[in-house]
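Be aware that the sequence shown starts at 7, since it is given in my numbering, and climbs by one per residue. By construction, the Cβ of each residue, glycine as well, lies at the ideal position given by its N, Cα and C atoms.
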Amino acid sequence: MKVIPTVILLVISNTLWSQSITDALLLAQEDITGTSRYTGMAGAFGALGGDLSAIADNPAGAGVFNFSELGISSTITNNKTSATYFSRTTPQELSQFQIDQFGIVLTLNNFQPESDWTKIAFAFNLKKTADFGSKINALGTNPNQNLGDYFTYYADGLATENIEVFENETVTGIYEYLGNNFGYGAQQAFLGYQSYLINPSNENDGSNTFYNSNISQGAVSHDFSSEYSGSHQKYNFAFSAVYQNKLYLGAALNTHQINFEQRSMLRERSSDPDSPIQSASFENILNTFGTGFSTQIGLIFQFPKSFRLGLSYHSPQWLTLEEEGQQALSSEGLFESGLITTIVDPNEVINTYPTYRLTIPAKTTLSIAYVFDKKGLLSFDYRWSDLSALAFTTNSQGDYLGQLNTTIKSSFVSQQGLRIGGEYRTGRIQIQGGYSTSTDPQKSIQDPIKVLTAGLNYDLGGSVFGISMARQTKSSTRPLYGEGLSSTLLTEQNRMQFFLTYRMKL
């Protein structure tokens, strides 16, 4: 059995986690998704209501419905992502079809003439607030860092005798033992040592705690691929009441469901023909899943001459998350007998990381709209959220998450966004157009996130069929890995989505 001294435990106690600021930003993202009318106007519905997806933004919008209604929407998404790594840009593409919205609203009119409260409404809406699906492929030559640097970072401070495999022990058994008792960092050191990517500074001393990369210093070629899948689902339960047909008040309780998977592979090859390690492949699978809770309040006030004002507040989202991961590592090294392949694949072991919480900051939306009788409308939404207040918390010991929170505060800023939407009506046809722009919460990204939308809805009498499209452009940066091999990867995403909706009156 492995016995790791307490002093070593203190060294690796900060590596019990796999979270990063990239995870926080990904889970906090919000896409424009929902019904064809809502997406066709870029989601600028805060002062309008009367749409199933809009209720998830401002619960007061449920009171705008004149009739009870049910609707369902599906989405066809095409993601084209270009990754730039050391001046080389590589494109990648992913397409998918999904059902991502379902809603129902029940309206109850008050026929008592002496009451100022003229209507109440109850609504339920399932909405995908974020789709994580995308593919990345980055090719380039890294002149400064290699996988040996990554594993050396985690191995330094850990005694060699604790990452060796002795008689009656197995790779799978030791990998699992280290993960269960000492966390992610000890497992990384074990993988690097067993695949010969790192060597102890003193090979004859089991208490050695310093390591060197077994990959020659100099340029290495990298082929990094990563595929993301999953979504953030929001279940919205809303109530709205109407006062004197002018003031619409609403409140909502929301539950959140997170399902996210990332599969990544880094293939590395040394440019030095005499390097002890010629090539390596490092595979990681990470699954994140959890639930959360949030609340909302909102109002819509209808002024004379068809002006409408909306205001809504979405509380912080309190998410409780769990993660599971798997890893495998292989290398090709020069030995006396020639080029030998070493595979370290504890594929039977699924690492379960400590449960943690993520708080996504509150969001405030101010909206104004003007309705041109039955001919059309114009609508504007301004949104604000302080994403520098994103925060991880846990009941477990260690200050790694605290360090992440400090990094978030210094790396992120408040996010501000403007949504503009318009609609023109002629007969049974409704034509929508919209534009959304928001600042990127990353200080290092100056380009705004832009979405251009258009839609067409046809009124069939008791039901409506609609189609819309949205094109989004977005930039982001991330390190290849969090530590040791932290060279920057820049991604440019172009997402094209088509939304199909069927709504019917009840």
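### Continuous alpha helix (DSSP H) stretch holding Asp137: start and end
Stepping through the sequence shown from its first residue, residue 137 is reached at position 131. Segment Trp123 to Asp137 is the beta strand (DSSP E) holding Asp137; no alpha helix (DSSP H) there.
### Query
Quick one, which of Asn265, Gln452 and Gly256 has its alpha-carbon nearest Leu32's?
Taking the first residue of the sequence shown as position 1, residue 32 is located at position 26. It is Asn265 whose Cα lies nearest to the Cα of Leu32.
### First through last residue of the beta strand (DSSP E) which encompasses Thr371
For the purposes of this step, residue 371 is taken as residue 365 along the sequence shown, with counting starting at 1. Here the beta strand (DSSP E) through Thr371 covers Lys369 to Phe378.
### Query
Between Pro352 and Ile473, what straight-line distance do the alpha-carbon atoms span, to the nearest angstrom?
As a position in the sequence shown, residue 352 is number 346, starting the count at 1. As a position in the sequence shown, residue 473 is number 467, starting the count at 1. Pro352 and Ile473: Cα-Cα distance of roughly 48 Å.
### Cβ-Cβ separation, Ile105 to Ser232 (assumed contact under 8 Å), whole Å
Taking the sequence shown and counting its residues from 1, the one referred to as residue 232 is at position 226. Taking the sequence shown and counting its residues from 1, the one referred to as residue 105 is at position 99. Between Ile105 and Ser232 the Cβ distance is about 26 Å, and since that is not below 8 Å, they are no contact.
### Query
Taking the Cβ atom as the reference point for each residue, do Thr83 and Ser59 lie within a distance shorter than 7 Å?
Along the sequence shown, read from residue 1 onward, the residue named residue 83 stands at position 77. Along the sequence shown, read from residue 1 onward, the residue named residue 59 stands at position 53. In this structure, Ser59 does not lie closer than 7 Å to Thr83 by Cβ.
### Query
Where does Tyr406 sit, in a helix, a strand or coil, going by DSSP?
Position 400 of the sequence shown, counted from the first residue, corresponds to residue 406. Residue state, collapsed to three classes: helix.
### Query
Are Ile306 and Gly55 close, meaning C-beta to C-beta below 7 Å?
What you label residue 306 is simply residue 300 of the sequence shown in a count that begins at 1. What you label residue 55 is simply residue 49 of the sequence shown in a count that begins at 1. It is a contact, given that the beta carbons lie within the stated cut-off.
### Message
From the DSSP secondary-structure annotation, give me the bridge partner or partners of Leu197.
### Response
Walking along the sequence shown from the start, residue 197 turns up at place 191. Note: Leu197 sits in no beta bridge, so no partner.
### Query
How many angstroms separate the CA atom of Phe341 from the CA atom of Thr400?
In the sequence shown, counting from the first residue as 1, residue 341 sits at position 335. In the sequence shown, counting from the first residue as 1, residue 400 sits at position 394. Going from the Cα of Phe341 to the Cα of Thr400 covers about 46 Å.
### Query
In its own chain, which residues sit with a C-beta less than 7 Å from the C-beta of Asp229, not counting the 5 before and 5 after it?
Working through the sequence shown from its first residue, we reach residue 229 at position 223. Only Leu145 and Arg273 meet the Cβ criterion.
#### Entry: Boundaries of the beta strand (DSSP E) in which Glu99 is found, first to last residue
Counting from one through the sequence shown, the residue named residue 99 turns up at place 93. From DSSP, the beta strand (DSSP E) with Glu99 extends over Arg94 to Asn115.
### Task
Classify Ile61 as buried or exposed, calling it buried when 16 or more other Cβ atoms lie within 10 Å of its own Cβ.
Within the sequence shown, the letter at position 55 stands for residue 61. Per the 10 Å Cβ criterion, buried.
### Task
With Phe182 as the anchor, note down where its alpha helix (DSSP H) starts and where it stops.
Against the sequence shown, residue 182 aligns to sequence position 176. Position check: residue 182 holds Glu in this sequence, whereas Phe was assumed. Element bounds for Glu182: Val177 to Phe188.
### Task
Would you mind reading off the limits of the beta strand (DSSP E) that contains Leu32?
For the purposes of this step, residue 32 is identified with residue 26 of the sequence shown, where counting begins at 1. Counting along the chain, Leu32 falls outside any beta strand (DSSP E), though it belongs to the alpha helix (DSSP H) covering Ile27 to Ala34.
### Message
Can you tell me whether Gly467 is buried or exposed? The criterion is at least 16 other CB atoms within 10 Å of its CB, across all chains shown.
### Response
Locating residue 467 in the sequence shown gives position 461, counting from the first residue. Looking at its Cβ environment, which holds fewer than 16 other Cβ atoms inside 10 Å, Gly467 is exposed.
### Task
Could you pull the start and end residues of the beta strand (DSSP E) that Arg273 belongs to?
The residue you call residue 273 lines up with position 267 of the sequence shown. Counting along the chain, the beta strand (DSSP E) containing Arg273 begins and ends at Leu253 to Ser276.
### Task
Could you name the residues of the same chain whose beta carbon sits closer than 6 Å to that of Lys456, not counting the 5 residues immediately before and after it, in chain order?
Along the sequence shown, one-based indexing puts residue 456 at 450. Within the same chain, Lys456 has close Cβ partners Thr443 and Thr479.
### Query
Should Gln403 go down as buried or exposed, given a rule of 16 or more other Cβ atoms within 10 Å for buried?
By one-based count along the sequence shown, residue 403 stands at place 397. Residue confidence for Gln403 is low, a pLDDT of 48 falling below 50, so the modelled location carries little weight and cannot support an answer.
### Query
So, using beta-carbon positions, are Leu153 and Leu203 closer together than 7 Å?
By one-based count along the sequence shown, residue 153 stands at place 147. By one-based count along the sequence shown, residue 203 stands at place 197. Yes.
### Inter-residue CB distance, Lys86 and Glu99 (contact presumed, cutoff 8 Å)
Translated into positions along the sequence shown, residue 86 becomes position 80. Translated into positions along the sequence shown, residue 99 becomes position 93. With 8 Å as the limit, Lys86 and Glu99 qualify as a contact, their Cβ atoms being about 5 Å apart.
### Message
Within the continuous alpha helix (DSSP H) that includes Asp446, where are the two ends?
### Response
To locate residue 446, count along the sequence shown from 1; it is residue 440. Counting along the chain, Asp446 falls outside any alpha helix (DSSP H), and DSSP gives it neither H nor E.
### Task
Could you tell me whether the region 275-285 touches the region 234-250, using the rule of 3 or more Cβ pairs below 8 Å?
no
### Query
My guess is that Tyr441 and Gly382 are in contact by the Cβ rule of under 8 Å, so how many angstroms apart are they, rounded?
Residue numbering aside, residue 441 sits at position 435 when the sequence shown is read from its first letter. Residue numbering aside, residue 382 sits at position 376 when the sequence shown is read from its first letter. With a Cβ gap of about 16 Å, Tyr441 and Gly382 do not count as contacting.
### Task
Compare the C-alpha of Ser26 against each of Thr412, Tyr249 and Val177 and name the closest.
As a working mapping, residue 26 is identified with position 20 in the sequence shown. It is Thr412 whose Cα lies nearest to the Cα of Ser26.
### Task
Look at the Cβ atom of Leu345, then the Cβ atom of Ser201, and state whether they are nearer than 7 Å.
Position 339 of the sequence shown, counted from the first residue, corresponds to residue 345. Position 195 of the sequence shown, counted from the first residue, corresponds to residue 201. Not in contact: Leu345 and Ser201 (Cβ atoms no closer than 7 Å).
### Query
Does the distance from the CB of Ala68 to the CB of Ala129 come in under 7 Å?
The residue you call residue 68 lines up with position 62 of the sequence shown. The residue you call residue 129 lines up with position 123 of the sequence shown. In this structure, Ala129 lies closer than 7 Å to Ala68 by Cβ.
#### Entry: Residue range of the alpha helix (DSSP H) that includes Thr45
Here the question's residue 45 lines up with position 39 in the sequence shown. Residue range Ser42 to Gly46 is occupied by the alpha helix (DSSP H) that includes Thr45.
### Task
Would you list the residues sitting across from Gly439 in a DSSP beta bridge?
Walking along the sequence shown from the start, residue 439 turns up at place 433. Answer by DSSP bridge pairing, in chain order: Gly428 and Ala460.
### Simplified DSSP state of Ser74, which is helix, strand or coil
Position 68 of the sequence shown, counted from the start, is the residue given in the question as residue 74. Residue state, collapsed to three classes: coil.
### Message
Are the CB atoms of Thr45 and Ala476 within a distance shorter than 7 Å?
### Response
Within the sequence shown, numbered from 1, the residue matching residue 476 stands at position 470. Within the sequence shown, numbered from 1, the residue matching residue 45 stands at position 39. It is a contact, given that the beta carbons lie within the stated cut-off.
### C-alpha gap between Tyr91 and Phe386, whole angstroms
For the purposes of this step, residue 91 is taken as residue 85 along the sequence shown, with counting starting at 1. For the purposes of this step, residue 386 is taken as residue 380 along the sequence shown, with counting starting at 1. Taking the straight line from one Cα to the other gives about 38 Å.
#### Entry: Those residues which DSSP pairs with Ala89 across a bridge
Here residue 89 is taken as the residue at index 83 of the sequence shown, counted from 1. DSSP output for Ala89 lists Thr96 and Thr497 as bridge partner(s).
#### Entry: Coarse secondary structure for Ile473, derived from DSSP in three states
Taking the first residue of the sequence shown as 1, we reach residue 473 at position 467. Ile473 falls in the strand class under three-state DSSP.
### Query
For Tyr388, which residues of its own chain have a beta-carbon under 6 Å away from its beta-carbon, when the five flanking residues on both sides are left out?
Residue numbering aside, residue 388 sits at position 382 when the sequence shown is read from its first letter. The answer, listed in chain order, is Leu372 and Leu424.
### Query
Which residue from Arg275, Tyr249, Lys252 and Pro119 puts its Cα closest to that of Asn220?
Counting from 1 along the sequence shown, the entry for residue 220 is found at position 214. Taking only the C-alpha atoms, the option nearest Asn220 is Arg275.
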